[in-house]
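In our numbering, the protein residues as written are 289 to 603. C-beta atoms are modelled at their ideal positions from N, C-alpha and C, and glycine is treated no differently. Contents: one structure, followed by commentary.
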């Protein structure tokens with residue numbers, strides 16, 4: 289193999305290397321240009337959470353879902369009931385919820401979850417609403433901070449017209465007398481609990497309210513392992529909202545509920561008798577009765593039915 293051949297081979301190798309390097313450089317430039325020309329990859333957008341949600345009794349659940357499709361999910365495979373749920377909100381931007389009770393709109397702030405229920409065997413309309421909500425900003429807080437926040441919210445409800453609602457067989461008490469008799473089970477919304485009273489209450493705190501043929505039960509739960517008044521506690525609120533019609537139906541057996549009005553007077557008399565006995569006992573102890581409290585009027589009757597005439601002893 290002569291020197292001229294080796295020189296030719298070497299020159300060819302150098303030429304090939306230069307060509308290869310040039311090709312690689314061109315490919316690199318094309319790759320850079322292509323990468324710049326390609327649109328950036330789309331980052332999956334977070335769902336749009338509404339800042340405010342409205343809901344009303346006897347609203348159709350599917351209409352509510354269509355109005356808020358990003359947050360309301362339906363469970364319609366259950367026997368007899370449809371459930372509509374809204375939850376998993378952005379924890380840094382919790383929505384407020386407005387409940388329409390007649391012509392009154394009640395706003396609940398810092399909502400964590402909403403559940404609405406329909407009964408399939410009747411017209412598909414919402415007959416029960418359950419809401420959970422943060423107390424203030426959630427997390428650990430002083431018990432007095434929680435007390436003031438919750439009592440301020442209750443005061444806002446009463447300013448809208450919500451009033452205390454007594455069960456038909458319970459004595460009509462207010463203020464400190466209601467507190468002493470019912471404890472945390474049925475608190476007077478017009479009574480501002482002191483810090484000492486607040487801390488002495490056991491279990492869940494409850495206010496039973498009524499407005500425009502609508503009942504609302506406000507419940508406050510707190511971490512039972514953190515009740516030291518000098519240390520932070522943890523609180524959560526819930527709201528159970530039902531139309532008067534549904535509450536009345538529960539006083540009779542299930543098979544009788546579509547015509548409960550026909551059975552109401554004897555039931556009401558029995559309940560009123562129980563209340564009268566309890567109130568007489570309390571009066572004898574010197575405890576005042578809220579005698580001007582009247583039980584809510586019966587809800588409007590549906591087509592084809594009418595409310596019974598209420599006798600004087602039940603008025």
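{"Item": "Helix, strand or coil at residue 532 according to DSSP, with G and I counted as helix", "Value": "helix"}
{"Item": "Whole-Å CB distance - residue 531 paired with residue 502, under 8 Å assumed", "Value": "6 Å"}
{"Item": "Option nearest residue 493 by Cα separation, candidates 484, 415 and 525", "Value": "525"}
{"Item": "Neighbourhood of residue 560 by C-beta, 7 Å cutoff - its chain only, sequence neighbours within 5 removed", "Value": "456 and 602"}
{"Item": "Residues sharing a beta bridge with residue 494, DSSP", "Value": "507"}
{"Item": "Distance between residue 434 and residue 427 (C-alpha atoms, nearest Å)", "Value": "11 Å"}
{"Item": "Inter-residue spacing [alpha-carbon to alpha-carbon] between residue 403 and residue 555", "Value": "31 Å"}
{"Item": "Beta strand (DSSP E) segment containing residue 403, residue limits", "Value": "399-407"}
{"Item": "Proximity below 8 Å, CB of residue 508 to CB of residue 438", "Value": "yes"}
{"Item": "Buried or exposed (CB count within 10 angstroms, at least 16 for buried), residue 431", "Value": "buried"}
{"Item": "Residue 514 versus residue 558 - alpha carbon distance", "Value": "43 Å"}
{"Item": "Residue 364 classed as buried or exposed, judged by whether at least 16 other C-beta atoms fall within 10 angstroms", "Value": "exposed"}
{"Item": "Contacting residues, own chain, Cβ-Cβ under 6 Å from residue 461 (five flanking each side not counted)", "Value": "469"}
{"Item": "CA-to-CA distance, residue 586 to residue 436, given in whole angstroms", "Value": "35 Å"}
{"Item": "Beta strand (DSSP E) segment containing residue 363, residue limits", "Value": "360-363"}
{"Item": "Top-ranked residue by Cα proximity to residue 614, from 345, 413, 355 and 414", "Value": "Because the chain in this structure spans residues 289 to 603, residue 614 falls outside the shown range and cannot be described."}
{"Item": "Where the alpha helix (DSSP H) through residue 444 begins and ends", "Value": "431-448"}
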